[in-house]
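J.:
2 protein chains.
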Amino acid sequence: MLIECVPNVSEGRRADVVARMAELIRSEPGVRLLDHSSDPSHNRSVFTLVGDAAGVERAVLTLFERAIADIDLRAHTGEHPRVGAVDVVPFIPIADATMADCVALAKKVGAEVASKFGVPVFLYEEASTNPARRNLEDIRRGEFEGLTPDFGPKAPHPSAGATVIGARMPLIAYNINLATDRLDVAKKIAAAIRQSSGGFRYVKAAGFKLENRGIVQVSMNLTNYEKTPIFRVFEAVKREAERYGVSILESEIVGLVPSAALNGAAEFYLQISGFKPDQVLENKLRSEN
Amino acid sequence: MLIECVPNVSEGRRADVVARMAELIRSEPGVRLLDHSSDPSHNRSVFTLVGDAAGVERAVLTLFERAIADIDLRAHTGEHPRVGAVDVVPFIPIADATMADCVALAKKVGAEVASKFGVPVFLYEEASTNPARRNLEDIRRGEFEGLTPDFGPKAPHPSAGATVIGARMPLIAYNINLATDRLDVAKKIAAAIRQSSGGFRYVKAAGFKLENRGIVQVSMNLTNYEKTPIFRVFEAVKREAERYGVSILESEIVGLVPSAALNGAAEFYLQISGFKPDQVLENKLRSEN
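If you read the protein sequences in the order shown, they are chains A and B.
Just so we're aligned: the first sequence equals residues 1 to 289 in this note's numbering.
Just so we're aligned: the second sequence equals residues 290 to 578 in this note's numbering.
Have a look at this one:
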């Protein structure tokens with residue numbers, strides 16, 4: 001059983017501080033650090049790690065300890081909104097882990113962070129116990145001072161603030177490039193398909209111009225590929241574009257995508273009936289491990 | 290690096306003999322037996338095993354030793370054509386193994402089988418050194434007595450016959466069901482798409498009636514999904530069917546399919562540009578192991 005974890009830390013400028021955090025995660029048995037990147041203007045770093053539940057739990061607690069020692073939010077500036085030194089920690093089911101495993105881990109780690117470090121913990125997304133706090137944006141908008149946390153003290157930690165811990169599906173960054181330079185078309189399509197303006201529940205979308213290529217892009221985050229699959233979004237964008245006489249030039253997946261999300265597209269287009277995940281050779285190999 | 294191996298043995302009736310072979314494969318370190326099945330009317334068993342090159346090599350040699358002790362071809366009857374006690378042994382690249390790895394392994398195991406057991410070995414498919422012997426059917430048609438083997442004595446072993454060892458791509462058993470009961474349509478489409486009558490190079494196909502469902506099926510083996518991908522075959526069948534006013538009801542994958550074959554279809558239909566295999570989360574995890 002493998003769980004992915006993508007902690008966001010409010011430090012993206014001091015390279016030595018970030019490198020030390022990466023080293024701590026790497027040295028945790030049962031855990032692999034797949035990626036980490038820092039954005040100086042946001043003053044923020046994102047780590048992507050994977051491991052069994054116990055390993056990921058240890059790595060996250062070690063990261064909190066380090067971040068609380070190294071980061072003082074009172075001296076922090078940066079464009080990105082944040083509530084804490086360790087700002088947000090999502091646990092994500094991959095391989096044979098379930099969402100229930102990740103929700104349980106989020107609550108366990110949340111309780112530990114609150115009691116060990118005195119930091120207020122807000123649970124979000126699938127781990128949320130309160131529908132008004134499912135969305136990270138809603139917790140941030142509450143400016144956390146006004147809300148009672150799920151674990152820990154009501155007042156934020158003086159230097160480390162608060163933190164948001166939860167469980168969510170893997171996020172797929174997916175863009176569709178249109179064979180046109182008409183930005184209005186990309187914006188209209190983005191509005192048609194995104195949840196916020198009446199489209200698919202698990203789609204965030206915006207229209208952009210790719211200046212150097214003379215085309216436009218519908219840029220998307222797909223936040224639950226099981227409930228809003230890639231192929232359905234692709235077909236909807238294609239159909240909306242047709243209405244303006246525009247065709248799809250290409251699409252692109254930015255970063256990682258779970259195998260199951262691509263298999264779902266193959267199953268749909270090839271009209272495969274009665275397909276089972278363990279028919280995929282690699283899944284079969286893993287399950288027999 | 291993982292290699293799959295699918296030895297076919299000329300024994301499908303004596304369950305105890307087959308069970309002992311399965312047990313020997315299972316007990317080999319570094320090897321997993323994914324599946325085995327026996328067909329009494331063919332008097333033949335098929336084992337599917339996976340492991341590192343050294344483990345698979347040991348398992349195959351042990352299987353030969355057992356089969357030569359237990360099977361006497363002079364007393365063998367069965368519908369399926371065969372040349373030996375261990376009839377055919379293909380090595381198949383999966384995960385990070387290449388075809389070159391499998392060709393090398395086929396030659397190594399072939400030389401060992403010939404010298405250890407005095408069984409003539411014919412190399413086939415990608416391991417073949419002779420274009421006239423690439424196809425298993427051509428070696429069988431030669432009735433092996435007339436051919437000089439790649440390794441070992443010219444005359445067949447008295448009780449164990451000869452054997453055919455080689456390397457090939459994973460085979461995908463893929464069927465497309467048509468929304469019609471017209472067998473002639475299935476047969477015409479099968480003829481249009483299969484290699485033997487002018488179609489795609491890596492497709493074998495036949496048309497069948499599914500009596501109990503009142504529909505027909507184009508039943509296929511795809512022998513190289515990299516060079517003749519599933520989606521191209523699906524689209525060709527769909528187009529040919531249209532010409533008779535027939536639509537596709539569904540398709541089915543029988544048994545296992547490599548993840549890359551399904552990803553290829555997703556990439557095609559979603560028009561994904563610049564996609565790299567290590568963007569698939571599971572591949573990334575494996576490569577960082």
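Don't be surprised by glycine CBs; every beta carbon is placed ideally from N, CA and C.
1. Under 7 Å Cβ to Cβ from A/P7, same chain only, skipping five residues before and after it: list those, please.
2. Just verifying my parser: in three-state terms, what is the DSSP assignment at B/E492?
3. Report yes or no: do the segment 231-239 of chain A and the segment 271-280 of chain A share at least 3 C-beta pairs separated by less than 8 Å?
4. Alpha carbon to alpha carbon, how far is B/T285 from A/E235?
5. Given B/L322, which residues of its chain have a CB within under 8 Å of its CB, disregarding the five upstream and five downstream residues?
6. Shorter than 9 Å from the beta carbon of B/S562 to some beta carbon of chain A?
7. Counting only beta-carbon separations shorter than 9 Å, does A/P29 have a partner in chain B?
8. Can you give the Cα-Cα distance for B/N466 and B/R483, rounded to whole angstroms?
9. Which residue from A/Q217, A/V216, A/E11 and A/G199 puts its Cα closest to that of A/R74?
10. Check distances from the C-beta atoms of the segment 215-235 of chain A to those of chain B and list, in chain order, the residues that come in under 9 Å.
11. Taking the beta strand (DSSP E) that A/V86 falls in, what are its first and last residues?
12. Is any beta-carbon of chain B found at less than 9 Å from that of A/Y269?
13. What are the boundary residues of the alpha helix (DSSP H) that includes A/D184?
14. Mind checking the segment 470-501 of chain B against chain A and listing, in chain order, the residues whose C-beta falls within less than 7 Å of any C-beta there?
15. Would you kindly check if the distance between the Cβ of A/P153 and the Cβ of A/A114 is under 9 Å?
16. Among all the DSSP beta bridges, which residues are the ones paired with B/F440?
17. Less than 9 Å separating the beta-carbons of B/A342 and B/M388?
18. For A/N289, which residues from the same chain have a beta carbon less than 8 Å from its beta carbon, with the 5 sequence-adjacent residues on both sides left out?
19. Reducing DSSP to helix, strand and coil, say where B/R321 ends up.
20. Please look up how many angstroms separate the CB atoms of B/V345 and B/I383, rounded, as I've assumed it's under 8 Å.
21. Pick from B/K493, B/P459 and B/T469: whose alpha carbon is nearest that of B/A549?
22. Applying a beta-carbon distance threshold of less than 7 Å, which residues of chain A neighbour B/L545?
23. Is there a Cβ of chain B sitting closer than 9 Å to that of A/I25, yes or no?
24. Where does B/T351 fall in DSSP's three states?
25. Taking DSSP as the reference, what is the three-state secondary structure of B/Q506?
T.: Judging by the given coordinates:
1. F47, V60, L63, V86 and V89
2. Checking the displayed sequence, the identity of residue 492 of chain B turns out to be Val instead of Glu. Three-state result, B/V492: strand.
3. no
4. Outside the modelled stretch of chain B, which goes from 290 to 578, sits residue 285 of chain B, for which no answer is possible.
5. A311, I314, R315, F336, T337 and L338
6. yes
7. no
8. 16 Å
9. A/E11
10. I230, F231 and F234
11. V86 to I94
12. yes
13. L183 to I193
14. none
15. yes
16. B/V410
17. no
18. In this predicted model, A/N289 has a pLDDT of only 44, less than 50, meaning its place in the structure is not dependable enough to derive any value.
19. strand
20. About 11 Å separates the two Cβ atoms, so there is no contact after all.
21. B/P459
22. Q279, L281 and K284
23. no
24. helix
25. strand
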